[in-house]
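Undergrad: First the structure, which I've put down as structure tokens, then a few questions once you've had a look.
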Amino acid sequence: MKELIEEHAKRLKLSWIREHYHEVKATSHEEFLLKLFEKEVQQREERKLNLLIKQSSLPDISGRQFDWDGIHMNGDLSKEDVLEGRYITRKENLILYGGVGVGKTLLASLSGWNAIHREQRKVRFYTAAQLVNQLLDANEKGTLGKLYKQIENLDLLILDELGYVPLHKQGAELLFQVFNLCYEKRSVIVTTNLQFGQWNHVFGDPILTEAFIDRLIHYSHLIVFNRESFRHKESLLNR
1 MKELIEEHAK
11 RLKLSWIREH
21 YHEVKATSHE
31 EFLLKLFEKE
41 VQQREERKLN
51 LLIKQSSLPD
61 ISGRQFDWDG
71 IHMNGDLSKE
81 DVLEGRYITR
91 KENLILYGGV
101 GVGKTLLASL
111 SGWNAIHREQ
121 RKVRFYTAAQ
131 LVNQLLDANE
141 KGTLGKLYKQ
151 IENLDLLILD
161 ELGYVPLHKQ
171 GAELLFQVFN
181 LCYEKRSVIV
191 TTNLQFGQWN
201 HVFGDPILTE
211 AFIDRLIHYS
221 HLIVFNRESF
231 RHKESLLNR
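Per UniProt numbering, the very first residue in the sequence shown carries number 1; after that it's consecutive.
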């Protein structure tokens, strides 16, 4: 009997039930079945959540608190919109602009973590250099379509540190295609330390730069970090 139960549970892909059904205590058949299904669903949800977290490549921000002091947003966007992912539902973008070390990556990551935990959304975090390198490598290996498909399956793409390193011409063109894939279909968060007028130094082509900015700012909210670098402040305090 035990072997048959485990075999049927295996065929039905009920992994928790197969391993733990004998541990469940209940006073009726209905209660027993309910507890079995509840535990199976709970384990599947936990597995799905862990997989989404692993695939996201988000930085570990455990225990870190975000300070909203010096953060300026337009009137159409609230803290709750950012933290609860309402902009994702509306397929809008966030542009986080400010100097180095002011918390742009932390806020982008916090929004990404919340999107996974609250709504089990598909999120992927890249630095701009990482994504461009992956695009160039995939293009060389003939697997670019597969990488684009992974991006198309996302709810939120986070592109960190855009503007820190000038892009290779082909890399800039491939990155533009990523934004074409995302346009009006999924949300993007971009963190940058450059004003739009300086982005030509990154892409190296005025026409491509204009097209890139046009795709990005449509349906976008600008969040400005008008404050001092936390790392610089901590360094001065340690001294």
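Even glycine gets a Cβ: it sits at the ideal position worked out from N, Cα and C. Just so we're clear, the structure is a prediction, and the values are computed from it rather than from any experiment.
1) Whole-angstrom Cβ separation of G98 and V224, contact assumed at under 8 Å?
2) Using three-state DSSP, classify Y148 as helix, strand or coil.
3) Could you tell me how far apart the beta carbons of L4 and I95 are, in whole angstroms, since I believe they sit closer than 8 Å?
4) Please classify I61: does DSSP put it in a helix, a strand, or coil?
5) Ordered along the chain, which non-local residues of its own chain (more than five positions away) have a Cβ less than 6 Å from that of L154?
6) When burial is assigned at 16 or more other CB atoms within 10 Å of the CB, is N179 buried or exposed?
7) Under the three-state reduction of DSSP, which class applies to S111: helix, strand or coil?
8) I'd like to know if the segment 36 to 43 and the segment 72 to 85 are in contact, where contact means that at least 3 CB-CB pairs between them fall below 8 Å.
9) With distances taken Cα to Cα, identify the nearest neighbour of I53 among N114, V100, R86 and W68.
10) Count the other CB atoms, across all protein chains shown, that sit within 10 Å of the CB of R90; report buried if there are 16 or more and exposed otherwise.
11) Measure how close the beta-carbons of L208 and V202 come, nearest whole angstrom, since I'm counting them as under 8 Å.
12) If the criterion is Cβ atoms closer than 9 Å, does the pair A160 and A108 meet it?
13) Determine, using beta carbons only, whether R118 and G85 come nearer to each other than 9 Å.
14) Expressed to the nearest angstrom, what Euclidean distance is found between the alpha-carbon atoms of A129 and D137?
TA: So, to answer that:
1) Taking the sequence shown and counting its residues from 1, the one referred to as residue 98 is at position 98. Taking the sequence shown and counting its residues from 1, the one referred to as residue 224 is at position 224. With a Cβ gap of about 6 Å, G98 and V224 count as contacting.
2) For this step, residue 148 is matched to residue 148 along the sequence shown. Y148 falls in the helix class under three-state DSSP.
3) As a first step, residue 4 must be located in the sequence shown, where it is residue number 4. As a first step, residue 95 must be located in the sequence shown, where it is residue number 95. About 59 Å; that fails the 8 Å criterion.
4) Locating residue 61 in the sequence shown gives position 61, where the first residue counts as 1. In the structure shown, I61 sits in coil (DSSP, three-state: anything other than H, G, I, E or B).
5) Here the question's residue 154 lines up with position 154 in the sequence shown. Once the five neighbours on either side are set aside, the close Cβ partners of L154 are K122, R124 and R186.
6) As a working mapping, residue 179 is identified with position 179 in the sequence shown. First, the residue type needs correcting, since residue 179 is Phe and not Asn in the sequence shown. Buried.
7) By one-based count along the sequence shown, residue 111 stands at place 111. S111: helix per DSSP, three-state reduction.
8) no
9) As a first step, residue 53 is located in the sequence shown; it is residue number 53 there, counting from the start. The candidate whose alpha carbon is nearest that of I53 is N114.
10) For this step, residue 90 is matched to residue 90 along the sequence shown. R90 is exposed by the Cβ-count criterion.
11) The count along the sequence shown starts at 1 and reaches residue 208 at position 208. The count along the sequence shown starts at 1 and reaches residue 202 at position 202. Rounded, the Cβ-Cβ distance is 10 Å, inconsistent with contact.
12) The sequence position of residue 160 within the sequence shown is 160, counting from 1. The sequence position of residue 108 within the sequence shown is 108, counting from 1. The amino acid occupying residue 160 in the given sequence is Asp; Ala does not appear at that position. The answer is yes: Cβ separation under 9 Å.
13) By 1-based counting over the sequence shown, the position of residue 118 is 118. By 1-based counting over the sequence shown, the position of residue 85 is 85. The answer is yes: Cβ separation under 9 Å.
14) Translated into positions along the sequence shown, residue 129 becomes position 129. Translated into positions along the sequence shown, residue 137 becomes position 137. For A129 and D137, the distance between alpha carbons rounds to 12 Å.
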